[in-house]
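Sequence order for the protein chains is L and F.
With this note's numbering applied, the first sequence covers 1 to 311.
With this note's numbering applied, the second sequence covers 1 to 159.
Quick reminder that beta carbons are idealized off the backbone N, C-alpha and C, glycines included.
What you are looking at is a predicted structure, and each value in this text was computed from that prediction instead of being measured.
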Amino acid sequence: MQTAIKKKTKMKKTITIALAAFILTSCGDSNKLEIEAELMNQAFDSSQSVSISRDVLDEMMQTLPSPIETANLITQSKSSFNKDLLIPAQNAVNFPNKYSQALALGGYGVDLGYINLNNKMLYVVEYLESVNTISKELKVNQFLDFSTLNTLAKNRNNVDSLIRISTENFNHIDEYLRSKERGDLSVLILIGSWVEGLHMFNNIAKENPSDEITKRIGEQKIIINNIYAILDKIDQVAYYRELKGKLNGLKDVYANVKISYVYKEPVMKEVNGELVIEDASESFVELTKKDMELIDKEITKLRNSIFIVYK
Amino acid sequence: MKPLLKRSTCIFGALILFFVCSGFYSLKKGDCTNSQMTATAVDQLKRFTLIQEFPFYMKKKKKNDAIEYKKQVITLNRGVRYKFYAVRNAEYEGLPILSIYNNEKQEFLLGSTYNPTFKRFYNELEFECKTTGNYCLSFSFLDGMEGCALGVFSSLVKE
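This is how it looks when you write it as structure tokens:
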């Protein structure tokens, strides 16, 4: 009897150990998958990886404008469409690594938004192709609904859908990169879109100078400071260190720009049961003509160095 | 007695391993959101374009603790109309509150989806931005209850 109990106990123990071993093995498999994913991530660039935590990077990224926001601001400036402001579509195949491709994806994202918002359907397909080419290189093309966008681009009544779907696609790419611990590439997409946007603002200012556009350019001091704050956290990677170096000239010019802020209590209204807040605060931007010229010189140099690449 | 103890130890060990391997330990804030919440968030956008979603989860506050807040600095642009709202996960008791402040230091409250004077909730708040700069979004749950929600930050493109 005692032997039978002992056998039963031994059997149960064996089952428990086997269960634990099974779980442990599954655990091992999951670790293996993680390592594989990590290796895949490293394949983006084998040199180094950023050491900043995902949460911190996610938080800091919100201080950079998205491509569609940038394109929207440019369109609001009411300047006429100028194709010469766009990155040449055929350049899409020339970007040599994941970093430059991520920057270019942001740049082309703004160009595509600018084209869409100006209803220039003639160029949509060409720039969608560029975005698709870079997305493939970055291995994020699965989030780009290329065929739907391509179909929508054939009718100018589809502009709203085009904007919505392309923005959703960009958001999915951003989420995916962040989930793969490659939020740094998302940062580059946003930096690329900001560089392209600032370059456009400067060209618009040269053609149609106004206080409004000058103020908009001066306000970008806030964004360049935000970009610097992020690059400071990830500059242990050579590429980000170099990029910071490339931005130095622009940062130095912006040091002359003065922005002051006067808080005034906002006006709150209820519209259809919802709260609408009208900001009443004001900001003042001091920017000389010489500063404008220097910003233009620096942004053109920076933009050409990252987007105008020939093989 | 001894085999029983050993068996318990094994089962306990197996359970620990199970929880560790199943990712139980890594249940993070924000993992409580679901596809239904995302669908509701998208429906509520209407004329606006989604810029970012912020999932947030908070545990119930202890009796003498202050209400917990989650902060997020965002940059808004002059001349743009923004819309903010929070979609609640109804499985949790907490009612989400989303507030916006004029800067990172939260110097002045510009608006909130909850008015404590009238104990009134708004589904969303629209903000007509007049000064480009860094603003601060703050997320919390009414009375510090446990809650899960999806904060949404959107802008009006092509007004």
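Margin query: Need the endpoints of the beta strand (DSSP E) that Ile259 of chain L sits in, please.
Written below: Lys258 to Val262
Check: Would you call the region 214-222 of chain L and the region 87-101 of chain L touching, i.e. three or more CB-CB distances under 8 Å?
Finding: no
Note to self: Could you tell me the alpha carbon to alpha carbon distance between Met40 of chain L and Ala102 of chain L, rounded to whole angstroms?
What the structure shows: Low local confidence applies: a pLDDT of 46 at Met40 of chain L is under 50, so the model's placement there is unreliable, with the coordinate-based value given in what follows. Their Cα atoms are separated by approximately 17 Å.
Next item on the list: May I ask you to report which of helix, strand or coil DSSP gives Gly113 of chain L?
Entry: helix
Next item on the list: Please decide whether Gly94 of chain F counts as near chain A, where near means a Cβ-Cβ distance under 9 Å.
Entry: Protein chains L and F are contained in the structure displayed, whereas chain A is not.
Next item on the list: Please go through the same chain and pick out, in chain order, the residues whose beta-carbon is closer than 6 Å to the beta-carbon of Thr70 of chain L, but skip the five residues on each side of it.
Entry: Val110, Ser193 and Gly197
Next item on the list: Measure the beta-carbon distance from Gly151 of chain F to Phe54 of chain F and round it to whole angstroms, keeping in mind my assumption that it falls under 8 Å.
Entry: 4 Å
Check: Is Glu128 of chain F close to chain L, meaning its C-beta is less than 9 Å from at least one C-beta of that chain?
Finding: yes
Margin query: Once DSSP output is grouped into helix, strand and coil, what is the label at Pro96 of chain F?
Written below: strand
Item checked: Residues of the region 271-284 of chain L whose Cβ lies closer than 9 Å to any Cβ of chain F, in chain order -> Val271, Gly273, Glu274, Leu275, Val276, Ile277, Glu278, Asp279, Ala280, Ser281, Glu282 and Ser283
Checklist line | Short CB-CB distance (under 9 Å) between Val73 of chain F and chain L | finding: yes
Check: Among L:Val50, L:Leu73 and L:Tyr228, which residue has its Cα nearest to the Cα of Leu247 of chain L?
Finding: L:Tyr228
Item checked: Which of helix, strand or coil DSSP assigns to Ala66 of chain F -> coil
Check: What is the rounded straight-line gap between the Cα of Leu86 of chain L and the Cα of Lys62 of chain F?
Finding: 56 Å
Margin query: Runs of 3 residues minimum, wholly inside the region 216-273 of chain L: which ones carry the beta strand (DSSP E) assignment?
Written below: 258-262 and 267-271
Next item on the list: Could you please give the first and the last residue of the uninterrupted alpha helix (DSSP H) stretch that includes Val187 of chain L?
Entry: Gly183 to Glu207
Notebook entry, point to check: Considering only residues of the same chain and omitting the five flanking positions on each side of Ala280 of chain L, which have a CB-CB separation below 8 Å?
Noted result: Lys264, Glu265, Pro266 and Val267
Check: Per DSSP, Met58 of chain F is paired with what?
Finding: F:Gly147
Checklist line | Amino acids of chain L, ordered along the chain, whose beta-carbon sits closer than 8 Å to that of Thr131 of chain F | finding: Tyr261, Asp279, Ser281, Glu282 and Ser283
Note to self: Strictly below 8 Å CB to CB, what residues from chain L border Asn134 of chain F?
What the structure shows: Thr63, Ile222 and Asn226
Checklist line | beta-carbon Asn64 of chain F near the ligand NAP non-hydrogen atom, thresh 8 Å | finding: Ligands are entirely absent from the displayed structure, and the ligand NAP is therefore not among its contents.
Margin query: Considering only their Cβ atoms, is the gap separating Glu146 of chain F from Tyr85 of chain F smaller than 9 Å?
Written below: no
Next item on the list: Report the rounded CA-to-CA distance for Val140 of chain L versus Ser179 of chain L, giving the unit in angstroms.
Entry: 12 Å
Next item on the list: Hey, could you find the ends of the alpha helix (DSSP H) Lys136 of chain L is sitting in?
Entry: Met121 to Glu137
Notebook entry, point to check: In chain L, what lies closer than 9 Å to Tyr122 of chain F by C-beta?
Noted result: Glu270, Gly273, Glu274 and Leu275
Check: Which residue from F:Arg88, F:Lys105 and F:Ser140 puts its Cα closest to that of Asn134 of chain F?
Finding: F:Lys105
Next item on the list: Please list the partners that Leu125 of chain F has in chain L, where partner means a Cβ-to-Cβ separation under 8 Å.
Entry: Glu274, Leu275, Val276 and Ile277
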